[in-house]
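If you're matching them up, the sequences are chains A and B in order.
Taking the numbering used here, the leading residue of the first sequence gets 1, the next gets one more, and so forth.
Taking the numbering used here, the leading residue of the second sequence gets 490, the next gets one more, and so forth.
See below for the structure under consideration.
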Amino acid sequence: MSTKRTTSRRARRARPRRRPASRAKHWPTPVMVIDMIPKSLSGETAQDSEPHLTVNPANSKQIVGTAFTPDPAGGPRAPVYISTDGGATWKLNSIVPSVAGSDTGTGDITTGFSGKKTTLYASILNAGNFHLQELRAANPFVPTAMTVLQDRANADQPFTHARRKGAKELAYVGVNDFNAPGGRTATVDESLNAGVPSPAFTSARVEKRTTVGQDGPQTRPASHPDGTVYAASYRWRALTGNFQANTLVITSADVVVVRDDNFGAGANPFSALIDPGDGAAGIRVVQGVSFPFMIHGTTATGQQRLGGSISIAVDPKDSSTVYLVYGDQQPGSVLTLHVRVSRNRGLTWSSDLLTVGNATNAAIAVTTSRVIGFLYQQIRGTGGSMRWQTHLRRSTNGINWSDMVLADTPATTPVKTFDPYLGDYDHLVAVGKDLCGIFSANNTPDKANFPNGVVYQRNANFSTHQLLKLDGTTVVSPSIDPFFFRVAG
Amino acid sequence: MPIRSSAEQQARFVFRGTVKKLRASTIGGVKGAERTAVVRVEEVIRAPEALSQYAGQEITVELAGRHKLKAGQQAMFYANGWIFGDSIAVQAIDHPPVEAAHVTMAGIPADPVANLVNHDAKSRFDQAEVVVSAQVVSVNLPTAVTSTALAAAAPGAGERFSEHVPLWRDAVIAIHAVHKGRHASKRAVVRFPASTDVIWHRAPKFQPGQEGFFMLHRGGPKETAKGKWAFAPAADGDGAYTALHPADFQPFDHPGGIRTMIDAAAGARTRQRSGVR
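Here is the structure:
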């Protein structure tokens, strides 16, 4: 597929200067999926799983993606994927602290543009010492290493979100912090003036109730320009089985949503929502759900480890409307995703707007035209014919949902080199009326695997379904690649 | 054995190249600047798999070091990664003239990927406290882990669960010979992570009966007390070594590698004893 444009200079001059933000001129098709591995790395075979994405609110052509991707030259800095043309082309820029020779770059990584010029925030588990590090780059498109703003041990699955408040930049990082007292580990690290040279971060403990000794790893923040900030997490209440034997089951968990109405400022942030059932901060949207918490994936789960899934998004036109996806185990399904909505600032919640079985890696976003986008990856089939389908569902009312299959790829090949096979998450963001997202999948160049089309930057032969090295002839084994997509609103 | 320069030690991508054009770039979005140059890769000396095929290609190099280069000049480039798009750009740590680098690079085999593996193995050999040839006798749960495993079997007892836990195991090894450092006993305990998680998957996974060279280290991450996250670094205390890097174990039938280093180290010791420099 080609994005080559043949428009004449005269025709370009005649074109109106201002275009709708949702349909940038560099993105001519309504749906586009692209393998983000650049041509110069046609020989790469890394397991580039657990992708994440951020689009610069100040310039939607500027996008940064991340995955478990090592520096291709094996150096001491891990790369981010960068695009300056709205996702039509991608490069790697090695700017993230790592260690030489790492084959995954980091132990976790997510990023967020604040919207102030090109400033990017990131949080990682450092590949060398496994510490949580919160990072900043003034410009991720130049080769300057990111600055470490905070560093500590014993914290997991940092999930970055950033925004502007006037001239200030705000950074929120959902994290499962094992340093938290009393096993109340669900935490949002926040800096309400992150743009200063040495910003202060505070750890807001969003878990207010007793737990089994910890919460789940997923703590997801989402914010609105009016100062509303939500965060969603699993409160673990009971478990059984043996983690080392891969039989651990969270037998009782609550899905909790907290809210702050002033950007997370004040002495007791994220306490605006009080659950009428127990008077504690944080609404228990559902109580007593159960799901496996796997240390490694199995053939029955398409090589992917499962451990719950949470995503939250606030309506950009109305901060009182907030959407939530959570996962639990239902009969006949390894993990079931539930989409719900609250229209009164998280106080009460709907029943399921949509329920999807055998699925994980939920990500939800809401566009400025109030289209709900819901990304997930679903296991289909059994045994050797098992496949991972990546779906984007959309709805304007939460009742009728379209279903777009972005990828339909084998779940048995390649054999995983580590866990997680596809990632413990993927990501979806709204960019005006458009939806931009990222997922990881088997990269076999077969158009049947990508029903809505696909573009490869790396060398590939779609007739023979073979990847090719830089020389254009040597065959490369299939691996897991990150794929960016953009669906016009 | 030649002394390894800092650039030679740090660089992961090493190649002999010819400067084609100064202040120029091969990669979209990277403008030719004062210190960038287009360089034709003549021969790849050391590289990860993804860059092993770059001989004959023109790439962008951000120059560094004290050696000034002119168009048409050949140099040995010691580099790390920078930007990867249609072409690649790398940041050179140094780029001495080929003649100066020739001594340290003499005798390097032709496979750049194998050279990088050997480079890593040499680094681990240099860092190791003890290098032994040995056989794995048994693999057990460490004592501290046994208690936490019991806790895991009793939900709510305070054990914490993360997808990144290392799942420590202790391999007991019977030592045939000590090649570097001192270890008095005929046995040693090597702690390793059994986890296949992204953080731990590359560490050697030992099985009873395995034989080979072990490069053993101290002070790595280890099991911590109940209630703390299991891969927090902790001070050494129970005498176990660690082997966390893929190069820390090599089977006896692996060609070259550690055996070559052991022979070289033995030769150096002999020369030292006999006063030969």
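Each residue gets a CB set at the ideal place from its N, CA and C atoms; glycine is no exception.
What is the C-beta distance between residue i and residue j, in whole angstroms, given that I count them as a contact (C-beta under 8 Å)?
{"i": "Ile310 (chain A)", "j": "Tyr323 (chain A)", "result": "Their Cβ separation, rounded to whole angstroms, is 12 Å, which puts Ile310 (chain A) and Tyr323 (chain A) out of contact at 8 Å."}
{"i": "Pro79 (chain A)", "j": "Ser94 (chain A)", "result": "4 Å"}
{"i": "Val579 (chain B)", "j": "Ala73 (chain A)", "result": "6 Å"}
{"i": "Asp600 (chain B)", "j": "Ala736 (chain B)", "result": "Contact doesn't hold; Cβ gap of about 16 Å is too wide."}
{"i": "Leu53 (chain A)", "j": "Ile438 (chain A)", "result": "4 Å"}
{"i": "Gly570 (chain B)", "j": "Lys91 (chain A)", "result": "Wrong, their Cβ atoms sit about 12 Å apart, outside the cutoff."}
{"i": "Gly574 (chain B)", "j": "Ser40 (chain A)", "result": "6 Å"}
Can you grab the Cα-Cα spacing for the pair residue i / residue j, in whole Å?
{"i": "Tyr172 (chain A)", "j": "Leu406 (chain A)", "result": "30 Å"}
{"i": "Val99 (chain A)", "j": "Leu120 (chain A)", "result": "21 Å"}
{"i": "Tyr543 (chain B)", "j": "Ala553 (chain B)", "result": "21 Å"}
{"i": "Val476 (chain A)", "j": "Glu44 (chain A)", "result": "8 Å"}
{"i": "Ala663 (chain B)", "j": "Met294 (chain A)", "result": "34 Å"}
{"i": "His690 (chain B)", "j": "Phe159 (chain A)", "result": "23 Å"}
{"i": "Gly383 (chain A)", "j": "Thr409 (chain A)", "result": "14 Å"}
{"i": "Leu132 (chain A)", "j": "Gly698 (chain B)", "result": "38 Å"}
{"i": "Gly266 (chain A)", "j": "Ala204 (chain A)", "result": "10 Å"}
{"i": "Gly521 (chain B)", "j": "Val528 (chain B)", "result": "12 Å"}
{"i": "Phe243 (chain A)", "j": "Pro655 (chain B)", "result": "12 Å"}
{"i": "Arg370 (chain A)", "j": "Asn400 (chain A)", "result": "14 Å"}
{"i": "Arg184 (chain A)", "j": "Asn59 (chain A)", "result": "38 Å"}
{"i": "Lys447 (chain A)", "j": "Asp315 (chain A)", "result": "35 Å"}
{"i": "Asp85 (chain A)", "j": "Gly112 (chain A)", "result": "18 Å"}
{"i": "Gly423 (chain A)", "j": "Ala167 (chain A)", "result": "35 Å"}
{"i": "Lys116 (chain A)", "j": "Glu190 (chain A)", "result": "17 Å"}
{"i": "Ser223 (chain A)", "j": "Ser271 (chain A)", "result": "15 Å"}
{"i": "Ala666 (chain B)", "j": "Ile751 (chain B)", "result": "11 Å"}
{"i": "Thr3 (chain A)", "j": "Pro30 (chain A)", "result": "Caution is warranted here: a pLDDT of 36 is assigned to Thr3 (chain A), below 50, making its placement in the model unreliable, and no coordinate value can be reported."}
{"i": "Pro38 (chain A)", "j": "Ala755 (chain B)", "result": "46 Å"}
Applying the criterion that 16 or more other CB atoms from any shown protein chain within 10 Å of the CB defines a buried residue, is residue i buried or exposed?
{"i": "Thr473 (chain A)", "result": "exposed"}
{"i": "Gln304 (chain A)", "result": "buried"}
{"i": "Pro586 (chain B)", "result": "exposed"}
{"i": "Ser495 (chain B)", "result": "exposed"}
{"i": "Gln377 (chain A)", "result": "buried"}
{"i": "Phe738 (chain B)", "result": "buried"}
{"i": "Thr104 (chain A)", "result": "buried"}
{"i": "Pro682 (chain B)", "result": "buried"}
{"i": "Gly277 (chain A)", "result": "exposed"}
{"i": "Ile516 (chain B)", "result": "buried"}
{"i": "Gly561 (chain B)", "result": "exposed"}
{"i": "Ala623 (chain B)", "result": "buried"}
{"i": "Val487 (chain A)", "result": "buried"}
{"i": "Arg340 (chain A)", "result": "buried"}
{"i": "Val429 (chain A)", "result": "buried"}
{"i": "Gln696 (chain B)", "result": "exposed"}
{"i": "Phe741 (chain B)", "result": "exposed"}
{"i": "Lys469 (chain A)", "result": "buried"}
{"i": "Thr187 (chain A)", "result": "buried"}
{"i": "Asp471 (chain A)", "result": "exposed"}
Provide the residue span of the beta strand (DSSP E) that contains residue i, from first to last.
{"i": "Ser252 (chain A)", "result": "249 to 260"}
{"i": "Ala137 (chain A)", "result": "132 to 137"}
{"i": "Ile480 (chain A)", "result": "480 to 487"}
{"i": "Tyr421 (chain A)", "result": "Counting along the chain, Tyr421 (chain A) falls outside any beta strand (DSSP E), and DSSP gives it neither H nor E."}
{"i": "Tyr326 (chain A)", "result": "318 to 328"}
{"i": "Asn176 (chain A)", "result": "168 to 177"}
{"i": "Arg366 (chain A)", "result": "A small fix is needed here, since residue 366 (chain A) is Val in this sequence, not Arg. Here the beta strand (DSSP E) through Val366 (chain A) covers 359 to 366."}
{"i": "Val503 (chain B)", "result": "502 to 511"}
{"i": "Ser627 (chain B)", "result": "619 to 629"}
{"i": "Tyr81 (chain A)", "result": "77 to 83"}
{"i": "Gln389 (chain A)", "result": "387 to 395"}
{"i": "Arg235 (chain A)", "result": "229 to 240"}
{"i": "Asn569 (chain B)", "result": "563 to 573"}
{"i": "Ala692 (chain B)", "result": "No beta strand (DSSP E) holds Ala692 (chain B); DSSP gives it neither H nor E."}
Terminal residues of the continuous alpha helix (DSSP H) containing residue i?
{"i": "Phe614 (chain B)", "result": "601 to 616"}
{"i": "Ala430 (chain B)", "result": "The structure shown has nothing for residue 430 (chain B), since chain B only spans 490 to 766."}
Indicate whether the contact test is met: 3 or more Cβ pairs, each with one atom in the segment 391 to 398 of chain A and one in the segment 276 to 290 of chain A, closer than 8 Å. These segments do not touch.
Within the chosen definition, does the segment 246 to 262 of chain A reach the segment 219 to 232 of chain A through at least 3 CB pairs nearer than 8 Å? With three or more CB-CB distances shorter than 8 Å, the segment 246 to 262 of chain A counts as touching the segment 219 to 232 of chain A.
Count the C-beta pairs between the segment 497 to 504 of chain B and the segment 454 to 470 of chain A that are closer than 8 Å, then say yes if the count reaches three, no if not. Counting Cβ pairs under 8 Å, fewer than three are found: no touch.
Is the segment 139 to 156 of chain A close to the segment 193 to 204 of chain A, with three or more CB pairs under 8 Å? Yes: at least three Cβ pairs fall under 8 Å.
Could you tell me whether the segment 667 to 675 of chain B touches the segment 624 to 634 of chain B, where touching means 3 or more Cβ pairs closer than 8 Å? No, the segment 667 to 675 of chain B does not touch the segment 624 to 634 of chain B.
For the 8 Å Cβ check, are there 3 or more pairs between the segment 462 to 470 of chain A and the segment 412 to 426 of chain A? Cβ pair count under 8 Å is below three, so no.
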